[in-house]
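Chemist:
2 protein chains.
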Amino acid sequence: MFLRITRNNTSHLSTLGDFGISSQSDAAVNLNEITYKKGTEIYGEKEPAEYVYQVKKGAVRTYKLLSDGRRQIGAFHLVGDIFGLVDASTHRFTAEAIVKTTLRLIKRRTLDTVADTDTVVTRELLSMAMLNLKHVEDHMLLLGRKDSVERVAAFLVEMDEREASQVMALPMTRRDIADYLGLSLETVSRALSRMRHAGLLNFVGSTQREIVILDRMRLRAVDFK
Amino acid sequence: MFLRITRNNTSHLSTLGDFGISSQSDAAVNLNEITYKKGTEIYGEKEPAEYVYQVKKGAVRTYKLLSDGRRQIGAFHLVGDIFGLVDASTHRFTAEAIVKTTLRLIKRRTLDTVADTDTVVTRELLSMAMLNLKHVEDHMLLLGRKDSVERVAAFLVEMDEREASQVMALPMTRRDIADYLGLSLETVSRALSRMRHAGLLNFVGSTQREIVILDRMRLRAVDFK
DNA sequence: CGTTTAATTGAAAATGCTCAACTCGGGTGG
DNA sequence: CCACCCGAGTTGAGCATTTTCAATTAAACG
Numbered sequence: 001m002f003l004r005i006t007r008n009n010t011s012h013l014s015t016l017g018d019f020g021i022s023s024q025s026d027a028a029v030n031l032n033e034i035t036y037k038k039g040t041e042i043y044g045e046k047e048p049a050e051y052v053y054q055v056k057k058g059a060v061r062t063y064k065l066l067s068d069g070r071r072q073i074g075a076f077h078l079v080g081d082i083f084g085l086v087d088a089s090t091h092r093f094t095a096e097a098i099v100k101t102t103l104r105l106i107k108r109r110t111l112d113t114v115a116d117t118d119t120v121v122t123r124e125l126l127s128m129a130m131l132n133l134k135h136v137e138d139h140m141l142l143l144g145r146k147d148s149v150e151r152v153a154a155f156l157v158e159m160d161e162r163e164a165s166q167v168m169a170l171p172m173t174r175r176d177i178a179d180y181l182g183l184s185l186e187t188v189s190r191a192l193s194r195m196r197h198a199g200l201l202n203f204v205g206s207t208q209r210e211i212v213i214l215d216r217m218r219l220r221a222v223d224f225k
Numbered sequence: 001m002f003l004r005i006t007r008n009n010t011s012h013l014s015t016l017g018d019f020g021i022s023s024q025s026d027a028a029v030n031l032n033e034i035t036y037k038k039g040t041e042i043y044g045e046k047e048p049a050e051y052v053y054q055v056k057k058g059a060v061r062t063y064k065l066l067s068d069g070r071r072q073i074g075a076f077h078l079v080g081d082i083f084g085l086v087d088a089s090t091h092r093f094t095a096e097a098i099v100k101t102t103l104r105l106i107k108r109r110t111l112d113t114v115a116d117t118d119t120v121v122t123r124e125l126l127s128m129a130m131l132n133l134k135h136v137e138d139h140m141l142l143l144g145r146k147d148s149v150e151r152v153a154a155f156l157v158e159m160d161e162r163e164a165s166q167v168m169a170l171p172m173t174r175r176d177i178a179d180y181l182g183l184s185l186e187t188v189s190r191a192l193s194r195m196r197h198a199g200l201l202n203f204v205g206s207t208q209r210e211i212v213i214l215d216r217m218r219l220r221a222v223d224f225k
C-alpha cells in the first residue's frame, strides 16, 4: 500500500493527530502495520531509527533511563499521535507499548528521500518537530517548578483534552504517571486522593484508571496556578 | 548587509554555533545588530516572533514564568548560539540579556520566504529544531529524576564543554543556575561548596563565578550516574 | 566609600520519598 | 469453580532532601 503524507492547510498544526495521511500519491511512502503486546519494546534508546510510527490503536510511552533505573517518561503517545521522529539516525528514547498497540510504520529513509525533493514534506517535519518541542518545553516548567498537586492536575488536564468521552480511561499505571511527572507513585496516588476528596474528580467502574472530571474549572485553576 | 545562511557539510550538527553565516549570496537575508544592556528583555513570552537571533557577544537566558513568580530557565545562549526560533508566530519564552549582549538579528519573515523556495534552508531549520529538542529532552531527565548534586554537575559539564579556556567565567548568577536546574539558589551554592571541598573544582579570581574544574573524570562520573 | 546585590552558611520547616501494611480485582491452575 | 496469587493501588509513619528564613560576609557599582 502506498500513501502520501499531506500538508494541512493551516500553517501550523494543533495536534500531531492532525497530520492527514491520504492516498493522493506522487511522493510515495511505503506503509506497514505492526501490533505489539502490552509491555513490549518498540525501539530502544540509541538504536538506529529506521521508522517513524503512528499509533493506530493502544498507547505508547517513550522514556530515558539512568544507570540505576530511575526513569523519565518524555511523552505518552495515544491514538493518532506520530512519534519516533528524529533528525539523527539514532533514537533518543526507548519506546514501549503500554497496552496492546497497533502501529503504522513509515520507513524513515523513504521519508528522507521524499523530503529531499519535496519542500512541503520537509516543512511538515519541521512543524512536527516544533510541536514536539512545545510539549517538552511546557513539561520542563512542570518538572522544574510545579508541586505534586499541580503536576497531577496538569497531567489530568492534558489527558482530558485528548479524550472525547466524559470518562477518561487511562491506559498507564500510577508508576507511569509518576515517571512522567517526576514523582513517586505514592505521591501521585495521594494527589489523586486529595483531588477526589476535594470533589474535583471521581473514579468510576471497577478500576481506578477510569476517571471522571467533576470540576474542570477548579482543576484548570490548579494547573495554571 | 546581505548574508546567506549556509549548510554545514555534516548531516547533523554538533552545536548551534556550527551554523555558518557567509556572504555567498543568492538567497538573501537582511541582517542587523543590536546591543542590549544587562538585564533587559529581548522579547517576551507570547509576543509575535519577528526575528531570529544569534549571540555575537554576551549571554542570554530564555525562561517561562508561573503567575506567582516561579521561573524555569529553558536555556542559556552563549556566543555563537542561535535562538528565538519558533514555527508559530509567537514566542514561547521570554529572552533576557544576562550581561551586556550584542545580537545579530535575522528577520523571521525573510527567513520564511527563503525557506519557501530553498529546501536547504528549510532542512537547516529542521536540523536546528531537532538539536534544540535534544537539549530540552535531556534537560527533562535532569529536572525529573536527578538530585541536586547531579544537576549542578551536569550544569558544570555542559558549560565546560562550551568553554575553550581552563577557567570558566560564568555570566549567570546562582539564582539563574537554580532556575535552570529547578533548585533553590541556596541548594546550588551548597552543591558547589561540597564539590569544592571534595576537590572537584575551585574558585579563582575575586568572584565566585570563575570556576576551574580540577577533576573532570569525577565530575562526569557524577553527571552520568 | 557607601550602598546594594550576590553568595555562603546554619537552623528550622516543608515537601516528597521510602518502607510497609493492607485492599482489591483479575487471572491461573488445582 | 474456587482458592490463591500477583500486580496495582491506597494509605500511614518515619525519613531524607530540599526549601525557606535568617544572619553574615563578600563583591560590584555608582
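As given, the protein sequences belong to chains G and W, one line each in that order.
With the UniProt record's numbering, the residue at position 129 of the first sequence is 129, and numbering never jumps.
With the UniProt record's numbering, the residue at position 203 of the second sequence is 203, and numbering never jumps.
Beta carbons are placed, not taken as given, at the ideal position from N, Cα and C, and that holds for glycine.
Whose C-alpha, out of W/Gln72, W/Leu78, W/Met172, W/Tyr36, is nearest the C-alpha of W/Thr207?
Modeler: For the residues W/Gln72, W/Leu78, W/Met172, W/Tyr36, the minimum Cα distance to W/Thr207 belongs to W/Met172.
Chemist: Please say whether G/Leu192 and G/Phe155 have beta carbons closer to each other than 7 angstroms?
Modeler: Not closer than 7 angstroms, so no.
Chemist: Kindly indicate which residue of W/Thr62, W/Lys37, W/Thr110 has the alpha-carbon position closest to the one of W/Thr44.
Modeler: A quick correction: the sequence has Gly, not Thr, at residue 44 of chain W. Nearest of W/Thr62, W/Lys37, W/Thr110 to W/Gly44, Cα basis: W/Thr62.
Chemist: Around the Cβ of W/Glu96, are there at least 16 other Cβ atoms within 10 angstroms (buried) or fewer (exposed)?
Modeler: buried
Chemist: Would you mind reading off the limits of the beta strand (DSSP E) that contains W/Thr40?
Modeler: Looking at the DSSP string, W/Thr40 is not in any beta strand (DSSP E), and its letter there is neither H nor E.
Chemist: Let me know if W/Phe76 comes out buried or exposed under the rule of 16 or more other beta-carbons within 10 Å of its beta-carbon.
Modeler: buried
Chemist: Give the DSSP-derived three-state secondary structure of W/Arg130 in the structure shown.
Modeler: Sequence inspection shows Met at residue 130 of chain W; the Arg mentioned does not correspond to that position. W/Met130: helix per DSSP, three-state reduction.
Chemist: For G/Thr117, write down the residues that DSSP places opposite it in a beta bridge.
Modeler: The partner list for G/Thr117 (beta bridge, DSSP) is empty, contrary to what the question assumes.
Chemist: Suppose the cutoff is 8 angstroms on Cβ atoms and the five residues either side in sequence are ignored; what does the same chain contact list for W/Leu214 look like?
Modeler: Closer than 8 angstroms at the Cβ level, and outside the excluded window around W/Leu214, lie Gly199, Leu200, Leu201, Asn202.
Chemist: Quick check: what's the CA-CA separation for residue 248 of chain G versus G/Val114?
Modeler: Any property of residue 248 of chain G remains undetermined from this structure, which presents chain G solely from 1 to 225.
Chemist: Return the residue from the list G/Gln54, G/Ser67, G/Thr90 that minimises the CA-CA distance to G/Leu78.
Modeler: Comparing Cα-Cα distances from G/Leu78 to each of G/Gln54, G/Ser67, G/Thr90, the minimum goes to G/Gln54.
Chemist: Are the C-beta atoms of G/Val188 and some chain W residue less than 7 angstroms apart?
Modeler: no
Chemist: With DSSP as the reference, label G/Phe76 as helix, strand or coil.
Modeler: strand
Chemist: Please name the residues in the region 137-162 of chain W whose beta-carbon is closer than 7 angstroms to at least one beta-carbon of chain G, in chain order.
Modeler: Those residues of the region 137-162 of chain W that come within reach of chain G (Cβ to Cβ, closer than 7 angstroms) are Glu137, His139, Met140, Leu141, Leu143, Gly144, Arg145.
Chemist: Which whole-angstrom value is the C-beta distance of G/Val204 and G/Val167, which I expect to be below 8 angstroms?
Modeler: 6 angstroms
Chemist: Considering G/Arg61, what are the terminal residues of the alpha helix (DSSP H) in which it resides?
Modeler: That residue, G/Arg61, is in no alpha helix (DSSP H); its beta strand (DSSP E) goes 60-65.
Chemist: Got a sec: is the Cβ-Cβ distance from G/Arg92 to anything in chain W below 7 angstroms?
Modeler: Yes, because at least one Cβ of chain W sits closer than 7 angstroms to the Cβ of G/Arg92.
Chemist: Am I right that W/Met140 and G/Ala129 are in contact with their C-beta atoms under 8 angstroms? What's the rounded C-beta distance?
Modeler: With 8 angstroms as the limit, W/Met140 and G/Ala129 do not qualify as a contact, their Cβ atoms being about 16 angstroms apart.
Chemist: I need the straight-line Cα distance from W/Glu163 to G/Phe93, nearest angstrom please.
Modeler: 28 angstroms
Chemist: Using the Cα positions of W/Thr117 and G/Thr119, report the straight-line distance between them to the nearest angstrom.
Modeler: 8 angstroms
Chemist: Give, in chain order, every unbroken run of the alpha helix (DSSP H) that is at least 4 residues long and sits entirely within the region 141-187 of chain G.
Modeler: Counting only runs of 4 or more residues that sit fully inside the region 141-187 of chain G, the alpha helix (DSSP H) segments are 148-162, 174-181, in chain order.
Chemist: Using a Cβ-Cβ cut-off of 7 angstroms, state whether G/Lys57 counts as contacting chain W.
Modeler: Not one chain W Cβ lies under 7 angstroms of G/Lys57.
Chemist: Can the beta-carbon of W/Gln72 be found less than 7 angstroms from the beta-carbon of G/Gly144?
Modeler: yes
Chemist: Return yes when the Cβ of W/Ala178 is within less than 7 angstroms of the Cβ of W/Leu185, no when it is not.
Modeler: yes
Chemist: Buried or exposed: where does G/Met159 fall if 16 or more other Cβ atoms within 10 Å of its Cβ makes it buried?
Modeler: buried
Chemist: Less than 7 angstroms between the beta carbons of W/Glu150 and W/Lys100, yes or no?
Modeler: no
Chemist: So what's W/Ile211 in DSSP terms, helix, strand or just coil?
Modeler: strand
Chemist: Against chain G, with Cβ distances strictly below 7 angstroms, would W/Gly182 count as a contact?
Modeler: yes
Chemist: Listed in chain order, which residues of the region 122-136 of chain G have Cβ atoms closer than 8 angstroms to some Cβ of chain W?
Modeler: Thr122, Arg123, Leu125, Leu126, Ser127, Ala129, Met130, Leu131, Asn132, Leu133, Lys134, Val136
Chemist: Against W/Leu66, what residues of chain G qualify as contacts under a CB-to-CB distance less than 7 angstroms, listed in chain order?
Modeler: Arg145, Lys225
Chemist: If the criterion is Cβ atoms closer than 7 angstroms, does the pair G/Thr102 and G/Lys64 meet it?
Modeler: In terms of Cβ geometry, G/Thr102 and G/Lys64 do not form a close pair [threshold 7 angstroms].
Chemist: Using the Cβ count rule (16 or more neighbours within 10 Å means buried), how would you classify G/Glu124?
Modeler: buried
Chemist: I'd like to know whether the C-beta of W/Arg70 is nearer than 7 angstroms to at least one C-beta of chain G.
Modeler: At least one chain G Cβ lies under 7 angstroms of W/Arg70.
Chemist: Need the endpoints of the alpha helix (DSSP H) that W/Leu219 sits in, please.
Modeler: 216-223
Chemist: Tell me, please, which residues DSSP counts as bridged to W/Thr110.
Modeler: Beta-bridge pairing links W/Thr110 to no other residue.
Chemist: Straight-line CA distance for W/Thr110 to W/Ser89?
Modeler: Cα to Cα, the separation comes out at about 13 angstroms.
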